[in-house]
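**Student:** Below are the structure tokens for one structure; questions will follow.
There are 2 protein chains.
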Amino acid sequence: MNRKAVAAALGVAVLATGAGVAVGASNDRDQTLNFAKNLNPTKPKNVILLVGDGMGDSEVTLARYYGKGAAGRLNMDRLPFRGSSIHYVLRPGPGPTYQPNYVGDSAPTATAWSTGKRTQDGRVSQGPSSADNVPGSNEGYRTYLEIARDKGKATGNVSTAEITDATPAGPSAHISQRACQGPADARTTCPTETKAAGGLGSIAEQQVDGGFDVTLGGGRSRYEQKLTADGTDTVVDYAKAKGYTVVTDKDGLNGVGSLNGGKKVLGLFTGGNMTTEYAPLFARTDAYYAANPGRDVQVQGGSETTTCQPQNRGSEPSLSDMTRKAIALLEKDPQGFALQVEGASIDKRDHAADVCGQIGETLAFDDAVGIALEYAKRKKNTLVIVTADHSHTSQMTYTTGKPASGASYATLKTADDAPIRVSYGTADTGLGATTSGSQHHTGAQVPLWGFGPQAANLQGTHDQTDIFGVLNGLRFP
Amino acid sequence: MNRKAVAAALGVAVLATGAGVAVGASNDRDQTLNFAKNLNPTKPKNVILLVGDGMGDSEVTLARYYGKGAAGRLNMDRLPFRGSSIHYVLRPGPGPTYQPNYVGDSAPTATAWSTGKRTQDGRVSQGPSSADNVPGSNEGYRTYLEIARDKGKATGNVSTAEITDATPAGPSAHISQRACQGPADARTTCPTETKAAGGLGSIAEQQVDGGFDVTLGGGRSRYEQKLTADGTDTVVDYAKAKGYTVVTDKDGLNGVGSLNGGKKVLGLFTGGNMTTEYAPLFARTDAYYAANPGRDVQVQGGSETTTCQPQNRGSEPSLSDMTRKAIALLEKDPQGFALQVEGASIDKRDHAADVCGQIGETLAFDDAVGIALEYAKRKKNTLVIVTADHSHTSQMTYTTGKPASGASYATLKTADDAPIRVSYGTADTGLGATTSGSQHHTGAQVPLWGFGPQAANLQGTHDQTDIFGVLNGLRFP
């Protein structure tokens with residue numbers, strides 16, 4: 007049943023087929039009917055889910071002000087639909103039951119949209135109990151990439167983190183500990199889930215076994231772990247034996263022309279997490295500024311302002327490079343495709359109170375959103391969803407007056423050449439504070455933007471698990 | 007031109023006239039065409055703007071989790087449209103120009119939606135320069151309540167703050183310092199703007215001169231200030247002389263039956279800000295918890311959990327009481343009405359790191375949203391907009407691990423009987439910290455929800471000034 011037929015059957019409207027219009031412009035004329043052109047009830051052929059890890063509204067606003075200025079707009083701002091995603095997870099208790107954990111980690115949040123089900127911290131697309139640590143119990147936690155694959159669609163998974171990290175693991179693996187990224191990790195941390203023990207093996211091994219067509223990111227050192235304690239073959243060898251083309255730099259990625267003949271691509275562009283776009287600029291405590299004048303030329307004092315500096319990323323492709331190539335390869339599949347793209351280090355640099363690192367990754371993520379959005383506008387059959395797994399610590403505060411004494415802050419100059427102060431107060435940082443720590447995830451609902459077929463389903467306040475249904479074209483298997 | 011004619015003329019659709027549907031439900035079926043029923047391009051007869059002061063997504067999520075639980079929903083969640091509002095204001099420099107101030111106060115933010123123009127901190131619906139401190143220069147800063155009044159519509163202004171505070175002052179007064187709430191305040195702080203000096207007078211005086219039909223809130227002591235330094239009459243006397251019925255408690259408000267014959271109502275229910283729904287429960291620093299075991303029975307230790315306690319509010323009406331009465335009085339006007347409703351102390355209690363105070367005010371604000379929404383669903387001619395002026399400090403953090411050493415935190419038990427930790431890190435609080443201070447406003451974009459005619463214009467990312475146009479039916483005067 008096509009879109010017009012659906013509309014006619016329900017007696018509502020013959021909806022325009024335009025690619026949608028910009029929203030949010032200052033305008034003195036009503037935009038209702040232009041907005042209506044974005045409505046499209048047909049089932050999407052392709053879905054692209056872009057996840058900004060730790061990208062709450064504060065992180066989005068900061069990147070916009072810094073990079074585009076007060077009057078500037080991001081690609082995210084061009085997505086016509088917006089809802090909110092609440093992202094609580096589970097924790098044990100009371101008794102044999104589970105209760106909400108309102109501020110979880112990236113493993114259960116990735117599980118939520120990947121499988122439509124909740125689990126507890128650390129667990130990847132697997133139930134919350136240790137009884138769930140066996141292959142058969144994962145049936146209820148099938149992921150949207152597995153479902154797409156089994157429907158004959160092409161599948162892709164892209165991240166700036168280790169590709170075995172929790173968020174890209176969500177749709178591509180099932181394991182009780184997110185730390186079990188490579189086989190050696192699994193032998194140490196998940197001994198009952200190794201292949202030798204009859205389990206599914208480490209995240210890296212499962213990603214190869216999953217047969218996903220395009221897998222691009224960091225994490226080469228996980229893939230270079232030995233498959234068995236006493237063998238010599240690594241997961242990279244295993245992937246090659248399974249027919250994967252393995253590339254390790256931007257030129258290698260550029261050289262992959264197509265997936266014809268069932269070829270698959272595994273890109274591992276660095277040992278760990280990929281290099282951030284901007285060099286680090288750490289927020290500091292007031293005690294640090296007082297004790298260390300001039301110690302850090304970028305952050306010299308509370309009222310100093312500065313700008314972020316690009317960083318040499320060597321031969322690593324950008325998130326946009328990877329997204330563009332993934333779409334180009336996957337779109338040839340006549341059955342359509344499903345693709346996940348993660349901007350991972352928004353979260354990682356927010357944890358570190360690295361304000362420039364965080365901003366650069368948010369802007370790079372937004373560039374990738376732009377690539378997906380332009381593709382979807384052209385093709386008209388692709389649903390683009392942009393969201394975050396959880397919110398995070400960074401806050402814009404007054405440029406006069408200091409945050410709490412143990413909190414860290416830095417003041418930058420934005421694209422408007424005006425000062426913006428960013429504060430991190432959910433943990434001591436170790437950069438001039440008495441103790442060290444990693445800033446916390448936070449519990450605020452996160453943006454849930456969409457464009458394309460069925461994107462109107464994102465309007466309203468949703469459990470993060472609701473995204474699973476939309477990713478599957480709203481016909482649960 | 008009616009709604010169907012507009013739709014037909016643009017060739018889009020004969021849109022359904024239903025009152026709209028719930029969104030956000032977990033559902034495995036496409037909701038696009040149900041969502042389309044919320045689209046309505048006609049000009050609203052009535053507008054109700056509800057402002058949660060300092061109510062960012064973090065404050066909304068916290069109130070929802072605490073009051074309704076993880077699976078619960080607020081009235082705000084029932085509004086089908088959602089955009090984001092960015093709320094930067096102005097500050098002087100460089101030279102004679104102005105630059106963005108990304109984290110402003112409630113005076114310029116209220117100015118933004120009230121007038122469609124920006125100004126700098128402290129200034130109420132008046133240009134940013136001292137040259138603007140004269141009556142004639144306010145012409146460019148006409149407010150949406152003044153415009154509605156001059157179109158013959160009924161007008162109302164409701165707040166839990168002093169009704170002369172910045173947010174309710176925004177649409178009802180023009181002055182260079184928000185502190186000039188009563189005539190004595192103005193003589194001290196705005197001497198060139200008093201009536202004696204040829205100015206418009208204090209905010210209270212301007213609210214009476216403005217002839218708004220319904221004005222309800224706190225701030226009686228501002229209105230009880232003497233009109234002149236050597237006279238005896240107060241602004242209350244002045245209001246009575248201008249034909250206002252003045253009420254001071256819930257029974258008095260209940261007794262106001264109608265505005266027939268051009269009657270107007272001024273309700274001043276307490277001397278200062280109205281009493282909060284919940285008794286205070288202050289977040290504390292870790293140093294405080296260590297040094298004061300048992301000092302505060304509600305907050306006894308970092309890992310203790312507790313619940314919020316209702317507070318005796320005496321004869322003060324609730325925000326819902328005031329909203330319900332304001333609508334009942336204003337809706338009789340055949341020309342329609344414009345009403346602003348502020349939940350003020352979400353902000354004030356967030357400043358104070360009073361987590362229960364903040365949550366109770368957010369829930370009370372949401373109750374008022376429910377009253378406005380039910381009215382609009384019944385009448386189908388009323389635009390409801392719900393937003394915040396700026397975001398604020400409170401963050402939900404891990405229940406294990408502490409925030410930065412100077413930050414304050416408290417752990418509550420939610421409606422799920424599960425612990426939630428709330429942290430305040432943008433200022434030392436004075437409650438166990440080395441110095442005292444008020445938590446900062448923050449810069450994250452804030453929710454912009456809508457229901458009713460033309461509410462689709464709120465989709466997307468907006469300058470806060472864009473709200474002005476939507477409040478005016480998108481035909482700028």
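Read top to bottom, the protein sequences are chains A and B.
For the record, in the first sequence the residue sitting at position 340 is 346 according to this note's numbering, with numbers rising by one throughout.
For the record, in the second sequence the residue sitting at position 294 is 300 according to this note's numbering, with numbers rising by one throughout.
Even for Gly, the Cβ is constructed at its ideal location relative to N, Cα and C.
(1) Have a look at the DSSP bridge pairing and note the partners of B/M61.
(2) Count the other CB atoms within 10 Å of the CB of A/V361; is the residue buried (16 or more) or exposed (fewer)?
(3) Assess contact between the region 243-253 of chain B and the region 371-387 of chain A, defined as three or more Cβ pairs (one per stretch) separated by less than 8 Å. Is contact present?
(4) Work out the CA separation of B/R70 and B/D422 for me, nearest whole Å.
(5) Looking at the structure shown, is A/P197 part of a helix, part of a strand, or coil, going by DSSP?
(6) For B/E106, return the contacting residues in chain A, with the cut-off set at a CB-CB distance below 7 Å.
(7) So with CB distances below 7 Å, who are the chain A contacts of B/I92?
(8) State yes or no: is the beta carbon of B/T51 nearer than 9 Å to at least one beta carbon in chain A?
(9) Output needed in chain order: residues of the region 376-406 of chain B with a Cβ under 8 Å from some Cβ in chain A.
(10) Give the secondary structure of B/Q401 by DSSP, where H, G and I count as helix, E and B as strand, and everything else as coil.
(11) Pick out the complete beta strand (DSSP E) segments inside the region 236-313 of chain B, 3 residues or longer, and give them in chain order.
(12) Taking A/D469 as part of the beta strand (DSSP E), name the residues at either end of that continuous run.
(13) Answer yes or no: does any C-beta atom of chain B fall closer than 9 Å to that of A/A42?
(14) Which of the three DSSP states, helix, strand or coil, is assigned to B/F218?
(15) For A/V241, I'd like the list of residues in its chain whose CB is within less than 8 Å of its CB, leaving aside the five on either flank, ordered along the chain.
(16) Which residue from B/G263, B/D339, B/P174, B/V109 puts its Cα closest to that of B/L55?
(17) Taking only three categories from DSSP, how would you classify B/V361?
(18) How big is the Cα-Cα spacing for A/T142 and A/E367?
(19) Which value, in whole angstroms, describes the spacing of the CA atoms of A/K256 and B/G479?
(20) How far does the alpha helix (DSSP H) with B/G89 in it extend, from its first residue to its last?
(21) The beta strand (DSSP E) spanning B/S414 covers which residue range?
(22) Taking the runs of the beta strand (DSSP E) that are 3 residues or longer, which of them lie wholly in the region 364-397 of chain A?
(23) Taking contact to mean 3 or more Cβ pairs, one atom from each stretch, closer than 8 Å, check whether the region 87-101 of chain A and the region 118-125 of chain B are in contact.
(24) Where does B/L197 land, buried or exposed, given buried means 16+ other C-beta within 10 angstroms?
(25) So what does DSSP say about B/I169, is it helix, strand or coil?
(26) Going by other Cβ atoms of all chains shown within 10 Å of its Cβ, with 16 needed for buried, is A/T440 buried or exposed?
(27) Could you check how far apart the C-beta atoms of B/S112 and B/D472 are, in whole angstroms? I think they sit under 8 Å.
(28) Using 10 angstroms around the beta-carbon of A/P483, count the other beta-carbons present and answer buried if the total reaches 16, otherwise exposed.
(29) Give a yes or no on whether the minimum CB-CB distance between A/K123 and chain B is below 9 Å.
(30) Specify the secondary structure class of A/V66 as computed by DSSP and reduced to three states.
(31) Answer with buried or exposed for B/H468, where buried requires no fewer than 16 other C-beta atoms within 10 angstroms of its C-beta.
(32) Three-state secondary structure (DSSP) at A/T329?
(33) At the level of alpha carbons, what is the spacing between A/L68 and A/T38?
(34) Between which two residues does the alpha helix (DSSP H) holding A/I473 run?
(35) Relative to the alpha-carbon of B/A235, which residue among B/V262, B/Q317, B/D243, B/T200 has its alpha-carbon at the smallest distance?
(36) Determine the DSSP secondary structure at A/R97, reduced to helix, strand or coil.
**Tutor:** Quick look at the numbers:
(1) DSSP output for B/M61 lists no bridge partner at all.
(2) By the neighbour-count rule (16 or more Cβ atoms within 10 Å), A/V361 is buried.
(3) Taking one beta carbon from each stretch, the region 243-253 of chain B and the region 371-387 of chain A have fewer than 3 pairs nearer than 8 Å; the two do not touch.
(4) So the alpha carbons of these two residues sit roughly 11 Å apart.
(5) In this structure, A/P197 counts as helix in the three-state DSSP scheme.
(6) Reading off the sequence, residue 106 of chain B comes out as Pro, not Glu. Simply A76, D422, A424.
(7) Under the 7 Å cutoff, chain A gives T67.
(8) Looking at the sequence itself, residue 51 of chain B is Lys, so the reference to Thr does not match. Proximity of B/K51 to chain A, defined by a Cβ-Cβ separation below 9 Å, is not satisfied.
(9) Identification of residues in the region 376-406 of chain B having a C-beta nearer than 8 Å to some C-beta of chain A yields S397, T399, Q401, M402, T403, Y404, T405, given in sequence order.
(10) DSSP places B/Q401 in strand when its eight states are reduced to three.
(11) Under the rule that a run must span 3 or more residues, the beta strand (DSSP E) segments found entirely inside the region 236-313 of chain B read 250-253, 270-274.
(12) First-last of the beta strand (DSSP E) with A/D469: 466-469.
(13) True, the Cβ-Cβ gap to chain B drops below 9 Å.
(14) DSSP places B/F218 in coil when its eight states are reduced to three.
(15) Here the set comprises G188, P189, S208, A210, E211, V214, R228, Y229, E230, Q231, L233.
(16) Closest by alpha carbon: B/P174.
(17) It is helical.
(18) Sequence check: residue 142 of chain A is Gly here, not Thr. Straight-line Cα distance between these residues: approximately 38 Å.
(19) Looking at the two C-alpha atoms, the distance is approximately 52 Å.
(20) Taken as a continuous stretch (DSSP letters only), B/G89 belongs to no alpha helix (DSSP H), being part of the beta strand (DSSP E) at 87-92.
(21) Note, B/S414: beta strand (DSSP E), 414-419.
(22) Runs found: 388-394.
(23) Between the region 87-101 of chain A and the region 118-125 of chain B there are fewer than three inter-stretch CB-CB distances shorter than 8 Å, so the stretches are not counted as touching.
(24) According to the sequence as given, residue 197 of chain B is Pro; it is not Leu. A residue is called buried when at least 16 other Cβ atoms come within 10 angstroms of its Cβ; B/P197 does not meet this threshold and is exposed.
(25) DSSP places B/I169 in the coil class of the three-state scheme, outside both helix and strand.
(26) Summary for A/T440: the model assigns pLDDT 47, below 50, so the residue's position carries little reliability; its value from the coordinates is reported in the next sentence. With fewer than 16 other Cβ atoms inside 10 Å of its own Cβ, A/T440 counts as exposed.
(27) Taking a contact as a CB-CB distance under 8 Å, the pair B/S112 and B/D472 does not count as one, their CB atoms being some 18 Å apart.
(28) Residue placement at A/P483 is flagged as unreliable, the pLDDT there being 38, under the threshold of 50; the coordinate-derived value follows with that caveat. Around the beta-carbon of A/P483, fewer than 16 other beta-carbon atoms lie within 10 Å, marking it exposed.
(29) No, A/K123 does not count as interfacial toward chain B.
(30) Of the three classes helix, strand and coil, the one that applies to A/V66 here is helix, per DSSP.
(31) The residue is buried, with at least 16 neighbouring Cβ atoms inside 10 Å.
(32) Three-state DSSP puts A/T329 in a helix.
(33) In a straight line, the C-alpha of A/L68 is about 29 Å away from that of A/T38.
(34) A/I473 -> alpha helix (DSSP H) spans 472-477.
(35) With distances taken between CA atoms, B/A235 lies nearest to B/T200 out of B/V262, B/Q317, B/D243, B/T200.
(36) Under the three-state reduction of DSSP, A/R97 is assigned to strand.
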